[in-house]
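Residue numbers (our numbering), protein chains in the order written: chain U, 541 to 908; chain Y, 74 to 719; chain L, 51 to 428.
All C-beta atoms, glycine included, are put in the ideal place defined by N, C-alpha and C.
These numbers were taken from a predicted model, which means no experiment stands behind them.
To keep things clear, I will list the structure first and then write my remarks on it.
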């Protein structure tokens, strides 16, 4: 135990001395959380849209007004003579609303007035949102201004759970939180480990006859402490700036956080042990810590959207399990019944990383 | 020196038998055998790539041997790790931990009680005179202090065996001497010390040494045994026409074993001094070369090593440099002319009022302890940084020293950073040839020459990183002179090179100087400094002494006394308490004492002091100054004056 | 100069890590980003509570689950059980069909159907909401037309302006009728890849000489600082241009993105982007002594560079105050150029402002970094 603590203490002193690493460990996660939490969003507002009213009746003008009043769209002027398509190639608009000739007449007759919405689908997600929003606007207009003011056979009451305001940052905030924890502690751990190899200080450790598991645990403990510091800073931010709070029993989350800190620190230590060059270790952590967690853990889009060939990979991505736990704790509140499995998996993956690191180091000797 | 009689009865602490280690196809250690007894300082002497580090790593228990055994007190090296202290070449310190934290960490890892860590730590730091720097980061210590800290870290565990792998590389002569004094102390306390070094002058301070080369131990014995085994004497021949004399004596003459040129003399090895002297006089007389003086002395360990290497068939070629543009016409003119150079870095003055004149055809050596300002000076002299004040003249140019024409005339080789490790030898040479604008044919000729000089014929496609240090140095040297510079800067050119190759180096340097090239060399290696025509000693940013090697020795006001006493260590300690520490140093059983007064008086006083303590003086005589003694004396005196001035 | 360039090429040729970082990240990033960042909302797991168990309720459920947006995740006995499973993340949405749904429809009374959506992911929720309303709207229309329902549903309330008909909206998706999500992500990732990899490779190359200590040796040769810099940048630029071609081929072959416009415009933009990356890398390298530091520095630069680029999420979705910041980001301009030129066939007449902006940013960064690098060498 004494050796483990001595090892941890030494690591922490070293980090404290390295200004760049310290900034990286404590400041960057905050910056990242604020920056990405604010900038990642798919909920577009004020999308530029051009309108072409070929009918120019009071009915058509009334429908256009409905579009003008919506916060989703922002009508930009476009000459009638130019084809609406040109507004897309010129990057002036994302959609074009075309009200056909005879729209007003058809409505007065009780028929269906034809309206077309052309959508620039080069961004497919936004295109779908435009479709949904424009459908809602037209449906609402039909009910208030048109002939749809009647009893609907089935009326839907849609209830949005956990995030009724559909506030994007409440969803992405916890995701970035996980991303931060998945990146920086293992990065520092990998650097510290590969540096011992690069600067040959590892020889001194080998000579001291400290067993591999104590040496590794000491290192991991130090980076768990770093992770804990990051965790606290970022949680504070989530509770304040991101308006989040615990939705239910926080104990699975707390337990998982400790295990996750162990998991990512072991991951970094393992990479550092396997890669004796600091620069290469950074790249390896960036790949695992950032790319996998960013892409394959459902941070932006649900994991279910990933094509099958890739999706099975996400079963091995530790960040995915923790991300589900964090979102559950802060949004859904499913507690232990929902999350026990994830907690266990994080523990298992962490142990595997530790074992791999131990396997690499177990002889505590130069390997050639 | 012969080990004290008691030592031969001491138990064997390190036992190595038929030890082998292969890295893939390369056999680094090829079946070595040796034994070290308790309290012995055993030196493993050899150039880079001899297999020293591998041997150490196996003994430290951090690497497995391919076959053979290595035991420490009859336990396998790996199982005996708690009893060993290991100093690696890089010292394995954490640069971002303080001195105290480094010690604490090592102590914790070895589960030493805190009170003991503190007690031993402060004791050793005090002993090594670095206790003032407890809170300084290890990365900010000088080479010498790092070495002491690393030793303190190793000692905190109170090991019975110390393994020191080239502990003095990059450490200046002053710190080096202090270090060896410490080792002598520790050995007396019963610690067994195995030390590797490429410096043959350090080998003189071991009880026994083993000459190691290419994975094999070629000879083991006490330094004097080794010297005697050569069965030869060394003649120092002083003459004004060194080059011609060297030519006249080289070749295969009866009764002359070896000729080596130094800055102001030749060393000639002869089997028998009287006949040898006659033979030298005869040969030089026939060539019409005047002899100023011939002195007979014992051979140095280096001579033994050289003879051994020759005996095993190692050949180092020194092909004639294919220079086409000699600068003989410039001979005698000033090549590097610096007057009153001063350089500040912020509030710190790195170099103060330095004036250096180096003429074409001259070899000038710049010596100094770490932090004396050598590096800054050489960078100013070659135009890499500008002096804060002072004037510079370089290769006939006063204004812009950074101009293309000036740089075309300069050659520069820094100790380890001269070649691109990720290029092959051929690519490196092509690059340096090309960047200096050599024609294709010229590059080919020079490349051929460099490869021959470095002993790498046919290995043009070898990756530079894969070469041992000594080979790399020679390629780097070749690369630096491909364009036939008229001014050459060499920053520690021969570190890690074996003695034979070092000779080839110096033959080459002399050849260049004879062609009119001005050469400025820095070195830690004082034997090497003997080969310069003129020397400058730097202390704390100033040049405090200057002259020919003989000149600076003669300029010493004091005397150097060698005393052989019955209890050398106790005698040295006693004498140290009498005067300034630096004046006394212990070389095995011989004590060197620097005195400012009269030699006879000093010897008398020494006898009296030692007799009062019950120590018998077996022999005492005045001996000629070695450059190392001069260096230390000059540095210490300058430091003292500075302290007085402050 | 020739010797300098030959040396750089030889070094690059032997640098395994550099070669890897020219091939692996482009492939990995394009593939992973392209496939993994998939915005498609389909097959959401829909839990069903059918209290009515009538033909109508079954019909409604069928309409919901056949839309492609939802798939049935089983029936639940109570709304509470359904709620529990939503909170456990076992289902994404739920529909509760009340007792008497069928009776109400036949009596001419409006039936209330409750739809529960897990709105944790705001984007998915918004799209799912649109789907649900669309499905139910269509179902209503179909039932009305079929005349199966009570006549009261066909009565029209009082309409202002005598508009008795309804507006029928017909959406048409241009440029990407299949709504392939990867087209957006891949075209954005392209720029990220060029700039970030360019910067990584360049900072490593620039700092290498200093880290190895060979820089002094180099400075002692007659080579000018300008020559040294050009000799360092030119080979990197060429190699990265090779990476551009490689990535373009990957985009075309794997993601089948239509190349509607002039490819030369894209290449021009890509070349500028690569130079930008080199400039950023060089700039970072001048602040650091080791490759490790240079890489750590990039952790401070890359996140803003990529998140303020519109490469992965639309710029319009960012807070308004943030959007102008993207204008100084080379990746943003390159993203606009690739998307417009590749997907929409826009030409130079439209894209010149972006090209100009990109060129301007590149020039400023290059001048700045070369100036700093020179100062450091001199």
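Spatial neighbours of residue i in its chain, beta-carbon cut-off 6 angstroms, leaving aside the 5 residues before and after
i              : result
residue 237(Y) : 160 and 268
residue 419(L) : 329, 332 and 333
Same chain, Cβ closer than 7 angstroms to residue i, neighbours up to 5 away in sequence not counted
i              : result
residue 568(U) : 724
residue 721(U) : 767, 770, 771, 800 and 804
residue 485(Y) : 455, 553 and 562
Status (buried if at least 16 other CB within 10 Å, exposed otherwise) for residue i
i              : result
residue 681(U) : buried
residue 285(Y) : buried
residue 818(U) : buried
residue 669(Y) : exposed
residue 170(L) : buried
residue 539(U) : An answer regarding residue 539(U) cannot be provided, because it is not within the stretch 541 to 908 covered by chain U.
residue 79(Y)  : Residue placement at residue 79(Y) cannot be trusted, given a pLDDT of 47 that sits under 50; what the coordinates show is reported in the next sentence. The residue is exposed, with fewer than 16 neighbouring Cβ atoms inside 10 Å.
residue 564(Y) : buried
residue 96(Y)  : exposed
residue 147(Y) : exposed
residue 655(Y) : buried
residue 417(L) : exposed
residue 604(Y) : buried
When the options are compared against residue i, the one with the closest alpha-carbon
i              : options                           : result
residue 623(Y) : 94(Y), 310(Y) and 642(Y)          : 310(Y)
residue 125(Y) : 111(Y), 107(Y) and 522(Y)         : 107(Y)
residue 885(U) : 907(U), 858(U) and 894(U)         : 858(U)
residue 308(Y) : 339(Y), 287(Y), 300(Y) and 293(Y) : 339(Y)
residue 139(L) : 873(U), 892(U), 889(U) and 901(U) : 873(U)
residue 301(L) : 82(L), 65(L), 66(L) and 51(L)     : 82(L)
residue 829(U) : 634(U), 856(U) and 780(U)         : 856(U)
residue 481(Y) : 127(L), 282(L) and 269(L)         : 269(L)
residue 221(Y) : 273(Y), 192(Y), 165(Y) and 272(Y) : 165(Y)
residue 596(Y) : 114(Y), 163(Y), 700(Y) and 193(Y) : 700(Y)
residue 357(Y) : 289(Y), 566(Y) and 315(Y)         : 315(Y)
residue 377(L) : 347(L), 349(L) and 408(L)         : 408(L)
Neighbourhood of residue i by C-beta distance below 8 angstroms, restricted to the same chain and skipping five residues each side
i              : result
residue 619(Y) : 607, 608, 609, 610 and 625
residue 306(Y) : 342, 343, 344, 345, 346, 349, 369, 370, 371 and 372
residue 538(Y) : 494 and 495
residue 555(U) : 561, 562, 565, 728, 732, 762 and 766
Whether residue i touches residue j by CB criterion (8 angstroms)
i              : j              : result
residue 123(Y) : residue 132(Y) : no
residue 127(Y) : residue 117(Y) : no
residue 182(Y) : residue 707(U) : no
residue 599(Y) : residue 526(Y) : no
residue 342(L) : residue 728(U) : no
residue 91(L)  : residue 178(L) : yes
residue 896(U) : residue 810(U) : yes
residue 229(Y) : residue 180(Y) : yes
residue 643(U) : residue 651(U) : no
residue 696(U) : residue 106(L) : no
Per DSSP, the bridge partner or partners of residue i
i              : result
residue 501(Y) : Paired residue(s): none; residue 501(Y) is not in a bridge.
residue 432(Y) : 407(Y)
residue 125(L) : 98(L)
residue 485(Y) : 562(Y)
residue 852(U) : Paired residue(s): none; residue 852(U) is not in a bridge.
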